[in-house]
Amino acid sequence: MFVIVMIIMAIFADNSIIALPLGLEVKPLIATKHYAQTSFRNRDKPPGTPGFPLGTDYLGRDLWSRTVYGTRVSLSVAFVAATVSLVVGLTYGVIAGFSSPAVDNIMMRFVDFLYGFPLLIFIILLQAYFKAVSRAGATGFMGILTQIDRAMGGLFFVFIALGLLNWIGMARLARGQTLSVKQREYIEAARALGASNLRIVFRHILPNIIGPCVVQETLAIPGYILTEAFLSFIGLGVTPPTPSWGLMISDTYQALRVYPWECLIPGAALTFTTLAFNFLGDGLRDALDPRLRGS
Amino acid sequence: MGKYIIRRFLWAIPVLLAIITATFLLAHSIPGGPFDYAGEKQLPESVRQNLMRKYRLDEPIYVQLGLWIWDALRFDFGPSYYSRGQTVNDILRRTFPISAQLGILSLLLALLIGIPAGTIAAVKQNTPLDYTATFVAILGVSIPNMVLGPLLIWIFSVHLGWFPAARWGVDYTQLYLGFFPPLTHKFWSHAFLPMITLGTAYSASIARLTRASLLQVIREDYMRTAKAKGLHGFRVIVVHGLRNSLIPVATVLGPMFAGIVTGSLIVERIFGIPGMGRYFVDSITNRDYPVILGTTLVYSVLLVLGNLLVDLSYAWLDPRIRYD
Numbered sequence: 022m023f024v025i026v027m028i029i030m031a032i033f034a035d036n037s038i039i040a041l042p043l044g045l046e047v048k049p050l051i052a053t054k055h056y057a058q059t060s061f062r063n064r065d066k067p068p069g070t071p072g073f074p075l076g077t078d079y080l081g082r083d084l085w086s087r088t089v090y091g092t093r094v095s096l097s098v099a100f101v102a103a104t105v106s107l108v109v110g111l112t113y114g115v116i117a118g119f120s121s122p123a124v125d126n127i128m129m130r131f132v133d134f135l136y137g138f139p140l141l142i143f144i145i146l147l148q149a150y151f152k153a154v155s156r157a158g159a160t161g162f163m164g165i166l167t168q169i170d171r172a173m174g175g176l177f178f179v180f181i182a183l184g185l186l187n188w189i190g191m192a193r194l195a196r197g198q199t200l201s202v203k204q205r206e207y208i209e210a211a212r213a214l215g216a217s218n219l220r221i222v223f224r225h226i227l228p229n230i231i232g233p234c235v236v237q238e239t240l241a242i243p244g245y246i247l248t249e250a251f252l253s254f255i256g257l258g259v260t261p262p263t264p265s266w267g268l269m270i271s272d273t274y275q276a277l278r279v280y281p282w283e284c285l286i287p288g289a290a291l292t293f294t295t296l297a298f299n300f301l302g303d304g305l306r307d308a309l310d311p312r313l314r315g316s
Numbered sequence: 007m008g009k010y011i012i013r014r015f016l017w018a019i020p021v022l023l024a025i026i027t028a029t030f031l032l033a034h035s036i037p038g039g040p041f042d043y044a045g046e047k048q049l050p051e052s053v054r055q056n057l058m059r060k061y062r063l064d065e066p067i068y069v070q071l072g073l074w075i076w077d078a079l080r081f082d083f084g085p086s087y088y089s090r091g092q093t094v095n096d097i098l099r100r101t102f103p104i105s106a107q108l109g110i111l112s113l114l115l116a117l118l119i120g121i122p123a124g125t126i127a128a129v130k131q132n133t134p135l136d137y138t139a140t141f142v143a144i145l146g147v148s149i150p151n152m153v154l155g156p157l158l159i160w161i162f163s164v165h166l167g168w169f170p171a172a173r174w175g176v177d178y179t180q181l182y183l184g185f186f187p188p189l190t191h192k193f194w195s196h197a198f199l200p201m202i203t204l205g206t207a208y209s210a211s212i213a214r215l216t217r218a219s220l221l222q223v224i225r226e227d228y229m230r231t232a233k234a235k236g237l238h239g240f241r242v243i244v245v246h247g248l249r250n251s252l253i254p255v256a257t258v259l260g261p262m263f264a265g266i267v268t269g270s271l272i273v274e275r276i277f278g279i280p281g282m283g284r285y286f287v288d289s290i291t292n293r294d295y296p297v298i299l300g301t302t303l304v305y306s307v308l309l310v311l312g313n314l315l316v317d318l319s320y321a322w323l324d325p326r327i328r329y330d
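Note that the protein sequences, when read in sequence, are chains A and B. What the first sequence shows, in the working numbering, is residues 22 to 316, in sequence order. What the second sequence shows, in the working numbering, is residues 7 to 330, in sequence order.
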């Protein structure tokens, strides 16, 4: 019974997840206008106005197009942050788990140490730092980075800040998994056959631990999306006029009484995206974790 | 146990020092200073230098750090550069109780809704009740508070007019326990929407965790033993099952505690609550170094204490866990 619910959930998740990148592919067709195109005479139009299916915001920008473009921001944050944290965390964790106990101890103490840090404050500080450097006009290495960032509408630094700080949980998980897999007989067999450490890690350990790690990462994706929305909400995320849902909400929530759609439409998009990723993560976990199956 | 607590407290000292140092260095490395502008106008260079000297910002950075830590040890966090005439202590004293009210109330709400809902869902597994609870929970986890807040205001304040949309914590002078104003009708009507906004996501994730771990515990042998002894079903679940299954819940309460602060940053903005959240961001934008450090320190101490309480609660929840 539960399996059926699970399959329905997984299918539903897959559909939404497939639909969203599809929206991203077909975007020039779906979004009728450019996200930054303003129209002074069409400010604050309600949904259903001819030419503006979901209405316009306080600068007369088409809400439908902005919301659709916002998908791109949220999903790229989701995938880039998830990939960075997966790769970094997995590498760190596997190295720690596979090394001698002394090295492992040092590496994990460092992780424990970071775990007590108020990461959010550091993300905010880092973002403030990046923004100020980019405004002051940097040269050299930081100059190149700010160029990239400007080209990406302020997204690049969000990627860096999120990626730098979110690998810790993954490192813990990967290390634990490596430790448990390391003791298995097939590793011993491989070693007896004369396999090198590198071969053992890539051919025997990684394939066996990747499942739970990917599930964990998928479950973390809504968190990344929300962090980006949060940063944009407090004005430290993407650079306007890049349409991030968080930015759109923070721009408009004060006019809620008069123009509720301006705030609630990007809000709905944000909610449905996190919902879809939560379904996907749950579905994946139930499919891959044999302990929960068939109950 | 006592030894363990002492060790944990000692371990907290280097962590806090490192946090303060990192925050300090990062904050000071952001280009620009606190006295670059007065309003829109740029200050003359000589005035700026005098101000920098007055606040000892012209000293080497390690001297500044040392001075700040020395003062902080005596609970003096220095003056605010931006809100002239106020010290960081003034700001904290004014805003922290309000943020604490919001945080404590939402956390309580999350526990009071989350644990019973998760328990019912687990006991009635695979019934419509369970499906409803699971579905509502995943909805609750997914709706961000920056969406839920405006939505609730729109429905309950704008359309129905049941609750005021803002002005929480404005005119209370008397606080009980340092946190709570008189819990009158007025207080609750102000507190209700922000509390729900912040608490929903947490109660939903607590419900999900409780359900998942209670489902595992229910299958344990000692549960069957308890039932075989003839204990009442309710008692078996609550006394024998629930306590053990709360360990994962306790584990997430630590990070959740940190999340409450983030969440309250948004919720305070949306509902116009004069809490501490605003100063986290504004102080960074204004290069108001003492306020940055003061708020960060308060937050970090809470985080460390929260994690310690979580670890201690393990021993209380599951007597098999010992700290020596």
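Backbone N, C-alpha and C fix where the C-beta goes; we use that ideal spot for every residue, glycine too.
Original post:
Looking at the C-beta of residue 156(B), does it have a partner C-beta in chain A at a distance below 8 Å?
Top reply: Yes, its Cβ sits closer than 8 Å to a Cβ of chain A.
Original post:
Can residue 304(B) and residue 98(B) be called in contact, C-beta distance under 8 Å?
Top reply: In this structure, residue 304(B) sits near residue 98(B), with a CB-CB distance shorter than 8 Å.
Subject >> Burial state of residue 245(B), where buried means 16 or more other Cβ atoms lie within 10 Å >> reply: exposed
Original post:
Applying a beta-carbon distance threshold of less than 8 Å, which residues of chain A neighbour residue 290(B)?
Top reply: 145, 146, 149
Original post:
Going straight from the alpha carbon of residue 159(B) to that of residue 51(B), what length do you get?
Top reply: 47 Å
**OP:** Label residue 165(B) either buried or exposed according to how many other C-beta atoms from any shown protein chain fall within 10 Å of its C-beta, with 16 as the threshold for buried.
**Re:** When all chains shown are included, residue 165(B) counts as exposed.
Original post:
Three-state secondary structure (DSSP) at residue 262(A)?
Top reply: coil
Subject >> Beta-ladder partner(s) of residue 85(B), from DSSP >> reply: 93(B)
Original post:
chain A partners of residue 33(B), CB-CB under 7 Å?
Top reply: 146
Subject >> 7 Å Cβ shell around residue 129(A) - same chain, five flanking residues per side excluded >> reply: 117, 196
**OP:** Could you name the residues of chain B that residue 138(A) contacts, counting a contact when the two beta carbons are closer than 7 Å?
**Re:** Neighbours of residue 138(A) on chain B, chain order: 25.
Original post:
Using a C-beta to C-beta distance shorter than 9 Å, which residues of chain B count as neighbours of residue 278(A)?
Top reply: 159, 160, 163, 164, 171
**OP:** May I ask you to list, following chain order, the residues of the region 277-309 of chain A that have a beta carbon less than 9 Å from some beta carbon of chain B?
**Re:** Of all residues in the region 277-309 of chain A, 277, 278, 281, 284, 285, 287, 288, 289, 291, 292, 293, 294, 295, 296, 297, 298, 299, 300, 303 have a Cβ within less than 9 Å of some Cβ in chain B.
Original post:
With 16 as the cutoff for other CB atoms within 10 Å, does residue 225(A) come out buried or exposed?
Top reply: buried
**OP:** Check whether the region 239-251 of chain A touches the region 295-306 of chain A, taking contact to mean three or more Cβ pairs, one atom from each stretch, closer than 8 Å.
**Re:** yes
**OP:** Report the neighbours of residue 233(A) on chain B: residues whose CB is nearer than 9 Å to its CB, in chain order.
**Re:** Within chain B, not a single residue places a beta-carbon under 9 Å from that of residue 233(A); the smallest gap is close to 15 Å.
**OP:** Give the interface partners of residue 306(B) over in chain A, defined as CB-CB distance under 9 Å, in chain order.
**Re:** 137, 138, 139, 142
Original post:
Name the DSSP bridge partner or partners of residue 307(A)?
Top reply: Answer is none; residue 307(A) lacks a bridge partner.
Subject >> Same chain only: Cβ atoms within 6 Å of residue 316(B), ignoring 5 sequence neighbours per side >> reply: Same-chain partners within the cutoff: 256, 259, 260.
**OP:** Go ahead and label residue 307(A) buried or exposed: buried means 16 or more other beta carbons lie within 10 angstroms of its beta carbon, across all protein chains shown.
**Re:** Its Cβ being crowded by 16 or more others within 10 Å, residue 307(A) is buried.
**OP:** Return the chain-ordered ranges of every beta strand (DSSP E) run that is complete within the region 220-271 of chain A and spans a minimum of 3 residues.
**Re:** none
**OP:** Going by CA-CA distance only, name the one from 87(A), 237(A), 143(A), 98(A) that's closest to residue 27(B).
**Re:** 143(A)
Original post:
Does the beta carbon of residue 195(A) come closer than 8 Å to any beta carbon on chain B?
Top reply: no
Original post:
Is it right to say residue 74(B) is buried, meaning 16 or more other beta carbons lie within 10 angstroms of its own, or is it exposed?
Top reply: buried
**OP:** Report the option in 58(B), 148(B), 168(B), 139(B) whose CA atom is closest to the CA atom of residue 295(B).
**Re:** 58(B)
Subject >> Nearest neighbour of residue 281(B), chosen from 82(B), 152(B), 38(B), 102(B) [CA to CA] >> reply: 102(B)
Subject >> Pairwise C-alpha distance: residue 249(B) and residue 146(A) >> reply: Looking at the two C-alpha atoms, the distance is approximately 40 Å.
Original post:
In chain B, what lies closer than 8 Å to residue 10(A) by C-beta?
Top reply: An answer regarding residue 10(A) cannot be provided, because it is not within the stretch 22 to 316 covered by chain A.
Subject >> Local Cβ density within 10 Å of residue 152(A), reported as buried at 16 or more and exposed below that >> reply: buried
Original post:
Any residues in the region 249-263 of chain A with a beta carbon nearer than 8 Å to a beta carbon of chain B? Which ones, in chain order?
Top reply: 250, 251, 254, 255, 256, 257
Original post:
Since residue 298(B) contacts residue 29(B) with CB under 8 Å, what's their CB separation in whole angstroms?
Top reply: 7 Å
Original post:
Taking C-alpha atoms, which residue in 182(A), 292(A), 275(A) lies nearest to residue 257(A)?
Top reply: 182(A)
**OP:** Output yes if chain B places a C-beta closer than 8 Å to the C-beta of residue 270(A); else output no.
**Re:** yes
**OP:** Answer yes or no: do residue 302(B) and residue 104(B) have a C-beta to C-beta separation smaller than 8 Å?
**Re:** no
Original post:
Of all the options 110(B), 96(B), 161(B), which has the alpha carbon lying nearest to the alpha carbon of residue 279(A)?
Top reply: 161(B)
Original post:
What in chain A is Cβ-close to residue 302(B), meaning under 8 Å?
Top reply: 139, 142
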